[in-house]
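Just below is one structure, and these are the notes that go with it.
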Amino acid sequence: MIRTTLATISVLFALALPAQAADDGIAAPTLRANVTVTSDVVRIGDLIDNAGSAALIPVYRSPDLGTTGALPVAQVLSVLRAKQVIGVMTGDIKEVSVTRLARTLANKDLENAVATALERRFGLGDAANITVSFDRGISDMRLDASNTGALQPVATRFDARSGRFDIAFEISNDNNPAPTKLRFTGTAIETVEVAVLTRDIDRAELLKSSDVTLERRPKAEVTGEPASRDRTIGMQLRRPMRTGMPIRVADIVKPDFVLRDQSVTIIYQVPGLYLTTRGKAIESGAEGDTVSVLNLQSKRTLTGVVTGRGEVTVQGASQSAPMAPAVEQTSSLKREDVPAAAALAKSLIPAPTSPAQIAQAQIPQIRVPQAPAKSE
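No gaps in the numbering here: position 196 of the sequence shown is 196 in the numbering used here, and each next residue is one more.
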């Protein structure tokens with residue numbers, strides 16, 4: 001008891017005589033304008049410099065984690081005097097700002113921690129594709145600043161049918177040998193990024209940029225490979241679809257360049273010869289598809305490849321029924337190609353049976369280059 005009294009008298013004497021202490025080489029106690037604390041109490045040593053043996057005496061409860069409070073200087077000095085601390089230098093300080101440091105775990109950080117704990121387990125895929133919802137609507141979480149360790153999952157439970165999870169984490173604590181324990185429950189669903197329609201689309205329409213947006217949908221809702229937004233633009237749907245429906249790769253096709261019963265240009269090509277005529281498509285087809293077309297003059301059905309909008313090309317001389325041209329373009333021919341080209345041109349026009357038909361018959365114009373005269 002005597003020792004305690006002597007120690008208190010020594011502290012009071014040192015704090016009551018700052019000028020004399022300065023002369024003797026002992027720094028005077030000085031109030032701080034800005035104070036940061038990590039514990040749940042504010043001590044004298046947090047408020048003033050050179051507090052000596054009084055530094056560990058608690059005087060205030062700390063603000064909430066991650067928040068700041070203000071104390072009027074007069075109030076602080078009153079509390080210090082009650083603890084037998086006097087003679088504190090205040091300068092021109094009007095109030096003391098006290099901030100309690102904290103470690104903030106953002107909601108997104110917690111979601112990522114849960115997704116990472118579930119990644120490639122229980123039939124789930126990458127963490128980036130797992131959407132997490134907490135039962136209690138957790139926003140940001142503040143922990144004591146001494147919790148400096150990483151979130152380590154120590155127990156993980158997951159129900160693949162319902163998507164329910166129950167995961168326990170531990171965080172190492174600098175001030176305590178026992179780690180801080182956290183537990184979260186909620187729902188985790190694997191999602192995929194997929195193109196979604198912004199309006200009702202008919203099968204015949206071409207998809208435009210404004211018709212499609214990207215959304216994340218539960219993987220279970222998208223059976224098959226989801227279509228990306230870039231892949232859908234300029235394509236057609238295989239069937240009419242409504243607003244909000246996700247688009248799969250199987251739902252889109254290349255646009256039809258030729259429609260059934262559409263008037264088309266039939267192009268007939270052989271080496272050295274290019275002829276065109278009008279026809280009607282018997283079936284629809286996209287670029288590169290093989291379709292049947294009707295030659296409107298010869299009334300014969302041909303098979304060709306869709307090579308452009310409203311264009312069907314018949315390749316080679318192997319077609320059993322050559323067509324009669326309405327418009328023809330002839331390229332230059334080699335001398336050895338002339339007999340074959342002449343025979344083809346002759347076969348393109350049905351033989352007339354009357355003078356009137358002879359007058360109306362259209363004969364393709366074939367330019368035959370003159371062979372150079374042989375010198376003797």
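Think of the CB as a built atom: it goes at the ideal place given N, C-alpha and C, for glycine as much as any other residue.
DSSP, reduced to helix, strand and coil, places residue 102 within a strand of the structure shown. Inclusion of residue 38 and residue 172 in the CB contact set at 9 angstroms is not warranted, their separation being larger than that value. In this structure, the straight-line span from the alpha carbon of residue 116 to that of residue 86 is close to 55 angstroms. In the three-state scheme derived from DSSP, where H, G and I count as helix and E and B as strand, residue 223 is classed as coil. In the three-state scheme derived from DSSP, where H, G and I count as helix and E and B as strand, residue 111 is classed as helix. The three-state secondary structure of residue 82, taken from DSSP, is helix. When secondary structure is reduced to three states using DSSP, residue 147 falls in the coil class, being assigned neither helix nor strand. Each residue's CA atom was taken as its position, placing residue 67 and residue 97 some 11 angstroms apart.
The DSSP-derived three-state label of residue 34 is strand. Residue pairing from DSSP places residue 195 in a beta bridge opposite 214. Within the region 119 to 187, no complete alpha helix (DSSP H) segment of 4 residues or longer occurs. Residue 238 and residue 295 have their C-alpha atoms spaced approximately 29 angstroms apart. When DSSP states are grouped into helix, strand and coil, residue 70 belongs to the strand group. When DSSP states are grouped into helix, strand and coil, residue 236 belongs to the strand group.
Here the alpha carbon of residue 40 sits roughly 30 angstroms from the alpha carbon of residue 155. Shown here, residue 48 sits in a strand according to DSSP, grouped into three states.
DSSP, reduced to helix, strand and coil, places residue 275 within a strand of the structure shown.
Residues 36 and 68 of the same chain have their beta carbon placed closer than 6 angstroms to that of residue 99, with the five preceding and five following residues left out of the count. In the DSSP assignment, residue 267 falls within the beta strand (DSSP E) that extends over 263 to 270. Residue range 311 to 315 is occupied by the beta strand (DSSP E) that includes residue 315. Nearest to residue 127 by alpha-carbon distance, out of 137, 114, 297 and 54, is 114. Sequence-distant Cβ neighbours of residue 136 in its own chain, meaning closer than 6 angstroms and more than five residues away, do not exist here. CA-to-CA, the gap between residue 269 and residue 276 works out to about 9 angstroms.
Counting along the chain, residue 292 sits inside the beta strand (DSSP E) bounded by residues 290 to 295. The C-beta separation of residue 202 from residue 255 comes to about 13 angstroms, leaving the pair out of contact by the 8 angstroms criterion. Under the Cβ criterion (8 angstroms, minimum of three pairs), the region 151 to 165 counts as touching the region 182 to 197.
Rounded to the nearest whole angstrom, the C-alpha separation of residue 44 and residue 142 is 25 angstroms.
Note that the C-beta distance between residue 214 and residue 193 is below 9 angstroms. Using a 10 angstroms sphere on the CB of residue 236, the tally of other CB atoms reaches 16 or more, which defines it as buried. In the three-state scheme derived from DSSP, where H, G and I count as helix and E and B as strand, residue 76 is classed as helix. When the Cα atoms are used, residue 253 and residue 297 turn out to be separated by approximately 33 angstroms. Straight through space, the alpha carbons of residue 291 and residue 221 are spaced by roughly 36 angstroms. Residue 110 holds the alpha-carbon nearest to the alpha-carbon of residue 151 among 144, 158, 178 and 110.
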